[in-house]
Amino acid sequence: MPLPRLALSVIGDEIGPSLDEMISFAHEHGLKRLDMRTVDGRNLLGMKKEEVIAISRKLEKAGLTVPAFVSPMFKWQAPGKSTAGGKVDFAFDPDSCPAENIADHAMEVAVILGAPHMRIFSYLRYPGFRPADFGRLSKDVGKLHSLAHHFDITLQVENEPVCNIGSIAELANFFATVPWLPMGGDEEIEEIEAEDIREPPQRYVRPLVDIANAWSLGVPPSDSDIATLAPLTTAIHLKDRNLEARRTVPLGDGDVPWPAELERLLSGVKAPEVLASIETHCPQNGREATARSIEGLRRIARDVGVEIV
């Protein structure tokens, strides 16, 4: 049985800060897709609707689609919980959202971009986290889930080291324990007719598998972790690590055994196609490192026998 195709995308700001840089790189390398997170150092979640519309129109004019709004949703301190503090890459202060309700605004951004996926997190790590906490600490989680049903946009929960779900093992435990998020929100959302929800709840909450993040924590995925996550997986993030130097390197240049990891994961995936987003994380030379990562992925895909589209 053939392995699922990989729909190649790149997180735009990993190339450079400006939209023009992102677009020129995409054209240079034959990319059809760009995931969007920040433009000129500003997160789209902190932009007004009109600004996001302008970005979306420019991307459309350039012939590029946006498969994922790489949002920072819930990459902040959980209500009533204290964290260890420290540096958090691409952190977001929910008070800087320009709209009255952040869940409404996040979904509006995804809809404007035409993105079928939205990345979310599990709050910054705090002691005693339990998977069930995630849907209980804020009504925004339930509201966002309700909106995901309504607009047919999948919420992708990423394992991020600074968050409560940091490793692949923690991601697998979350989905084994809480296979979908609670519904909730304001009266308008709660009144969505049953026929508007044509898929079971877990259709709209998926694991965003970041294998390199797990390796960076020193806890590579186990076979049982992958067996839990693979059937639910429709999107992955791709980067590599020099484990001794504790730094991110272009895909294929590091210590993560990507051919074996990719084949193991894709062998259990049920979807015919997986969004494969390069998250370079080499800010010292993002454009060159991203180009090397694309070539690295193509080389790994050839080794494994996976088609890239």
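Residue numbers for the sequence shown follow our numbering, so the first one is 76 and each next one is one higher.
C-beta atoms are modelled at their ideal positions from N, C-alpha and C, and glycine is treated no differently.
Alpha-carbon spacing of residue 373 relative to residue 216, whole angstroms: Here the question's residue 373 lines up with position 298 in the sequence shown. Here the question's residue 216 lines up with position 141 in the sequence shown. Answer to the nearest angstrom: the Cα atoms are 36 Å apart.
For residue 144, which three-state DSSP category applies? As a working mapping, residue 144 is identified with position 69 in the sequence shown. Looking at residue 144 - three-state DSSP - the assignment turns out to be strand.
Beta-ladder partner(s) of residue 312, from DSSP: Locating residue 312 in the sequence shown gives position 237, counting from the first residue. Beta-bridge pairing links residue 312 to 285, 352.
Who are the near neighbours of residue 163 in its chain, counting only those whose CB is closer than 8 Å to its CB and skipping five residues on each side? Within the sequence shown, numbered from 1, the residue matching residue 163 stands at position 88. Contacts found: 150, 199, 237.
Please list, in chain order, all residues of the same chain as residue 187 whose beta carbon is under 8 Å from its beta carbon, the five residues on each side excluded. Here residue 187 is taken as the residue at index 112 of the sequence shown, counted from 1. Residues 124, 127, 128, 131 of the same chain have their beta carbon placed closer than 8 Å to that of residue 187, with the five preceding and five following residues left out of the count.
Which residue from 253, 224, 203 puts its Cα closest to that of residue 191? Position 116 of the sequence shown, counted from the first residue, corresponds to residue 191. Nearest neighbour of residue 191 by Cα position, chosen from 253, 224, 203, turns out to be 224.
Return the residue from the list 183, 343, 77, 285 that minimises the CA-CA distance to residue 245. The sequence position of residue 245 within the sequence shown is 170, counting from 1. For the residues 183, 343, 77, 285, the minimum Cα distance to residue 245 belongs to 285.
From this set, 80, 100, 84, 92, which residue's C-alpha is nearest residue 359's C-alpha? Start at 1 with the first residue of the sequence shown, and residue 359 comes out as number 284. Closest option to residue 359, judged by alpha-carbon separation, among 80, 100, 84, 92: 92.
Taking 7 Å as the threshold (C-beta atoms), are residue 370 and residue 312 in contact? In the sequence shown, the residue the question calls residue 312 occupies position 237. In the sequence shown, the residue the question calls residue 370 occupies position 295. Judged by beta-carbon spacing, residue 370 lies beyond the 7 Å limit of residue 312, meaning their Cβ atoms are not closer than that value.
State the start and end residues of the unbroken alpha helix (DSSP H) segment that holds residue 134. Here residue 134 refers to the residue found at position 59 of the sequence shown. From DSSP, the alpha helix (DSSP H) with residue 134 extends over 124 to 136.
Identify every run of the beta strand (DSSP E) within the region 317 to 384, keeping only runs that are complete inside it and at least 3 residues long; order them along the chain. The region 317 to 384 contains these whole beta strand (DSSP E) runs: 322 to 324, 348 to 353.
Am I right that residue 289 and residue 295 are in contact with their C-beta atoms under 8 Å? What's the rounded C-beta distance? Residue 289 sits at position 214 when you count from the first residue of the sequence shown. Residue 295 sits at position 220 when you count from the first residue of the sequence shown. In this structure residue 289 touches residue 295 by the C-beta definition: roughly 6 Å separates them, less than 8 Å.
Which residue marks the beginning of the beta strand (DSSP E) containing residue 84, and which one marks its end? For the purposes of this step, residue 84 is identified with residue 9 of the sequence shown, where counting begins at 1. Taken as a continuous stretch (DSSP letters only), the beta strand (DSSP E) holding residue 84 covers 80 to 86.
Start and end of the alpha helix (DSSP H) containing residue 186? Against the sequence shown, residue 186 aligns to sequence position 111. Its alpha helix (DSSP H) spans residues 177 to 188.
So, for residue 292: in the same chain, excluding its five sequence neighbours on each side, which residues have a beta-carbon less than 8 Å away from its beta-carbon? As a working mapping, residue 292 is identified with position 217 in the sequence shown. Cβ neighbours of residue 292 beyond the five flanking positions: 236, 241, 242.
6 Å Cβ shell around residue 87 - same chain, five flanking residues per side excluded: In the sequence shown, residue 87 corresponds to position 12, counting from 1. The answer, listed in chain order, is 97, 109, 111.
Would you say residue 287 and residue 349 are within 7 Å of each other, going by their C-beta atoms? The sequence position of residue 287 within the sequence shown is 212, counting from 1. The sequence position of residue 349 within the sequence shown is 274, counting from 1. Contact: no.
Can you tell which of 326, 298, 303, 306 has the C-alpha that lies nearest to the C-alpha of residue 375? For the purposes of this step, residue 375 is taken as residue 300 along the sequence shown, with counting starting at 1. Answer by Cα proximity: 326.
Quick check on the burial criterion: 16 or more other C-beta atoms within 10 angstroms. Buried or exposed for residue 306? Position 231 of the sequence shown holds residue 306. Here residue 306 is exposed. Its C-beta has fewer than 16 other C-beta atoms within 10 Å.
Under the assumption that residue 316 contacts residue 323 (Cβ atoms under 8 Å), give the Cβ distance between them as a whole number of angstroms. Taking the first residue of the sequence shown as position 1, residue 316 is located at position 241. Taking the first residue of the sequence shown as position 1, residue 323 is located at position 248. With a Cβ gap of about 6 Å, residue 316 and residue 323 count as contacting.
Looking at C-alpha atoms only, which residue of 339, 280, 321 is the closest neighbour of residue 301? Within the sequence shown, the letter at position 226 stands for residue 301. When only C-alpha atoms are compared, the closest one is 339.
Since I believe residue 197 is in contact with residue 239 (beta carbons under 8 Å), could you give me their beta-carbon distance rounded to a whole number of angstroms? For the purposes of this step, residue 239 is taken as the residue at position 164 of the sequence shown. For the purposes of this step, residue 197 is taken as the residue at position 122 of the sequence shown. With 8 Å as the limit, residue 239 and residue 197 qualify as a contact, their Cβ atoms being about 4 Å apart.
In terms of alpha-carbon separation, which member of 106, 155, 90, 79 lies closest to residue 356? In the sequence shown, the residue the question calls residue 356 occupies position 281. Taking the Cα of residue 356 as reference, the smallest distance to any Cα among 106, 155, 90, 79 is reached at 90.
For residue 171, which residues from the same chain have a beta carbon less than 6 Å from its beta carbon, with the 5 sequence-adjacent residues on both sides left out? Locating residue 171 in the sequence shown gives position 96, where the first residue counts as 1. In the same chain as residue 171, and ignoring 5 residues on each side of it, the C-beta atoms closer than 6 Å to its own belong to 121, in chain order.
Can you look up residue 252 in the DSSP assignment and give me helix, strand or coil? On the sequence shown, position 177 is the one that residue 252 refers to. In the three-state scheme derived from DSSP, where H, G and I count as helix and E and B as strand, residue 252 is classed as helix.
Between the CA atoms of residue 118 and residue 387 - distance to the nearest angstrom: What the structure shows of the chain is the stretch from 76 to 384, and residue 387 is not part of that stretch, so it cannot be assessed.
Whose C-beta lies closer than 7 Å to the C-beta of residue 226 among residues of the same chain, with five residues either side of it excluded? Residue 226 sits at position 151 when you count from the first residue of the sequence shown. Excluding sequence neighbours, residue 226 sits near 182, 186.
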